[in-house]
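Numbering (my numbering), first residue to last: 63 to 351.
Even glycine gets a Cβ: it sits at the ideal position worked out from N, Cα and C.
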């Protein structure tokens, strides 16, 4: 099974099937929107194996839809332009509130945090900023107001440290991508920034800077991981096939490693809407829900 899956993925990707079928074909029957936390080419590379796997397991054509930014993703979900979405927990609960998302099918698992992840605050090494309290009077940059691990988590960290936005630190215009946050910090345009834990290496590479020049000065509490959810456009029968395919990617299994390795995920686990209530509370506290 694993060897045949590997051969299928290699053939699909090597022959360019992923590039032609997954990105934009009009005839695709299932569209999966990805929240663009990284540049498009990286997102395609990371998730093309999953799209190929879903094609094989469901017997349906699958395409990946990668909107320009977080707001464009929310718009695509709200307008029913995609069948499924894969997004951070904040964007999922926003989409649920707005009526675009119907329900989460599965929650992603990662090597370090399992079905939870964290946000971090970063600074340049040698800047003198070694802790969250050291950010008083500094200029900070974040990803997007809709970024769970690139804004909301850090807002709670700063609030818990007794620091208030505007009074104790300045927030620069949102960078749009984790890589742009890292770049702004590395170049000194920002004193510190917020990104997702585990994304520093890949974001630094995309930004063309040395990850070794950046340090972590604070880590948030765990946040429910990304949700793979059905939108109001999704066909219930197809949703069941997609769900069963996702759940076959058990965390830690060889099959999941083959399909999800490039995405830095270990598998998917069954979830329910109430599992994201902690994100709702955090979003409300940060003023984004």
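For residue 156, count neighbouring C-beta atoms within 10 Å of its own C-beta (all shown protein chains included) and say buried if the count is 16 or more, exposed if not.
Looking up residue 156 in the chain shown gives position 94. Under this definition residue 156 is a buried residue.
To which residues of the same chain is residue 341 closer than 7 Å at the C-beta, ignoring the five residues directly before and after it?
Locating residue 341 in the chain shown gives position 279, where the first residue counts as 1. Answer for residue 341: 151, 152, 155, 210, 285 and 286, listed in chain order.
With C-beta atoms as the reference, is residue 264 less than 8 Å away from residue 104?
In the chain shown, residue 264 corresponds to position 202, counting from 1. In the chain shown, residue 104 corresponds to position 42, counting from 1. Result yes, Cβ atoms of residue 264 and residue 104 sit closer than 8 Å.
Check residue 135 in the structure and name its three-state DSSP category.
On the chain shown, position 73 is the one that residue 135 refers to. DSSP places residue 135 in helix when its eight states are reduced to three.
DSSP has residue 227 in a bridge; who is on the other side?
In the chain shown, counting from the first residue as 1, residue 227 sits at position 165. Beta-bridge pairing links residue 227 to 231.
Tell me the residue span of the beta strand (DSSP E) that contains residue 383.
No information on residue 383 is available, as it lies outside the stretch 63 to 351 that the chain covers here.
In angstroms with no decimal places, state the Cα-to-Cα distance between residue 146 and residue 107.
Numbered from 1 along the chain shown, position 84 holds the residue referred to as residue 146. Numbered from 1 along the chain shown, position 45 holds the residue referred to as residue 107. Residue 146 and residue 107 have their C-alpha atoms some 19 Å from each other.
Would you kindly work out how many angstroms separate the C-alpha atoms of residue 119 and residue 307, rounded to a whole number?
Within the chain shown, the letter at position 57 stands for residue 119. Within the chain shown, the letter at position 245 stands for residue 307. The alpha-carbon atoms of residue 119 and residue 307 are separated by roughly 6 Å.
Just verifying my parser: in three-state terms, what is the DSSP assignment at residue 237?
Sequence index remark: in the chain shown, residue 237 carries index 175 (1-based). Three-state DSSP puts residue 237 in coil, outside helix and strand.
Pick helix, strand or coil for residue 267, following the three-state DSSP scheme.
To locate residue 267, count along the chain shown from 1; it is residue 205. Helix at residue 267.
Mapping the DSSP letters down to three states, classify residue 93 as helix, strand or coil.
Taking the first residue of the chain shown as 1, we reach residue 93 at position 31. Of the three classes helix, strand and coil, the one that applies to residue 93 here is strand, per DSSP.
Touch check for the stretch 212-227 and the stretch 317-336: three-plus C-beta pairs under 8 Å?
no
Can you check which of these residues, 160, 334, 290 and 200, is closest to residue 230 by C-alpha distance?
Numbered from its first residue, the chain shown carries residue 230 at position 168. Nearest C-alpha to residue 230: 200.
Under the DSSP definition of a beta bridge, which residues are partnered with residue 151?
One-based indexing of the chain shown puts residue 151 at position 89. Residue 151 pairs with nothing; no bridge assigned.
Which two residues bound the contiguous beta strand (DSSP E) that contains residue 277?
In the chain shown, the residue the question calls residue 277 occupies position 215. In the DSSP annotation of this structure, the continuous segment of the beta strand (DSSP E) that includes residue 277 starts and ends at 276-281.
So, using beta-carbon positions, are residue 130 and residue 179 closer together than 8 Å?
For the purposes of this step, residue 130 is identified with residue 68 of the chain shown, where counting begins at 1. For the purposes of this step, residue 179 is identified with residue 117 of the chain shown, where counting begins at 1. Contact: no.
Please classify residue 167: is it buried, with 16 or more other beta-carbons within 10 angstroms of its beta-carbon, or exposed?
Position 105 of the chain shown, counted from the start, is the residue given in the question as residue 167. Buried, because 16 or more other Cβ atoms sit within 10 Å of the Cβ of residue 167.
Compute the Euclidean distance between the alpha carbons of residue 98 and residue 123, then round it to the nearest angstrom.
Position 36 of the chain shown holds residue 98. Position 61 of the chain shown holds residue 123. Distance between the alpha carbons of residue 98 and residue 123: 22 Å.
Whether or not the stretch 186-200 and the stretch 279-298 are in contact is what I'm after, with contact meaning three or more pairs of Cβ atoms, one per stretch, closer than 8 Å; do they touch?
As far as the Cβ criterion goes, the stretch 279-298 touches the stretch 186-200, which means the pair count is three or higher.
Using the three-state DSSP reduction, which class does residue 335 fall into: helix, strand or coil?
The residue given as residue 335 occupies position 273 in the chain shown. In this structure, residue 335 counts as helix in the three-state DSSP scheme.
Check the DSSP bridge columns for residue 327 and list the partner residues they point to.
To locate residue 327, count along the chain shown from 1; it is residue 265. Its beta-bridge partners do not exist; DSSP assigns none.
How long is the line joining the alpha carbons of residue 148 and residue 237, rounded to whole angstroms?
The count along the chain shown starts at 1 and reaches residue 148 at position 86. The count along the chain shown starts at 1 and reaches residue 237 at position 175. If I take the Cα positions, the gap works out to 21 Å.
State the DSSP-derived secondary structure class of residue 107, mapped to helix, strand or coil.
Translated into positions along the chain shown, residue 107 becomes position 45. Helix, per DSSP.
What are the boundary residues of the alpha helix (DSSP H) that includes residue 298?
Taking the chain shown and counting its residues from 1, one reaches residue 298 at position 236. Here the alpha helix (DSSP H) through residue 298 covers 298-309.
Report the CB separation of residue 100 from residue 126 in whole angstroms; it is logged as a contact under 8 Å.
Position 38 of the chain shown holds residue 100. Position 64 of the chain shown holds residue 126. The Cβ separation is near 13 Å, so there is no contact.
Note down the Cα distance separating residue 344 from residue 338, rounded to an integer number of angstroms.
Against the chain shown, residue 344 aligns to sequence position 282. Against the chain shown, residue 338 aligns to sequence position 276. Distance between the alpha carbons of residue 344 and residue 338: 10 Å.
Would you mind stating whether residue 333 and residue 164 have Cβ atoms separated by less than 8 Å?
Within the chain shown, residue 333 is the residue found at index 271, counting from 1. Within the chain shown, residue 164 is the residue found at index 102, counting from 1. The answer is no: Cβ separation not under 8 Å.
Just to confirm the assignment, what range does the alpha helix (DSSP H) spanning residue 193 have?
For the purposes of this step, residue 193 is identified with residue 131 of the chain shown, where counting begins at 1. Counting along the chain, residue 193 falls outside any alpha helix (DSSP H), and DSSP gives it neither H nor E.
Skipping 5 residues on each side, what residues in its chain have a beta carbon closer than 7 Å to that of residue 271?
By 1-based counting over the chain shown, the position of residue 271 is 209. 244, 245 and 248, listed in sequence order.
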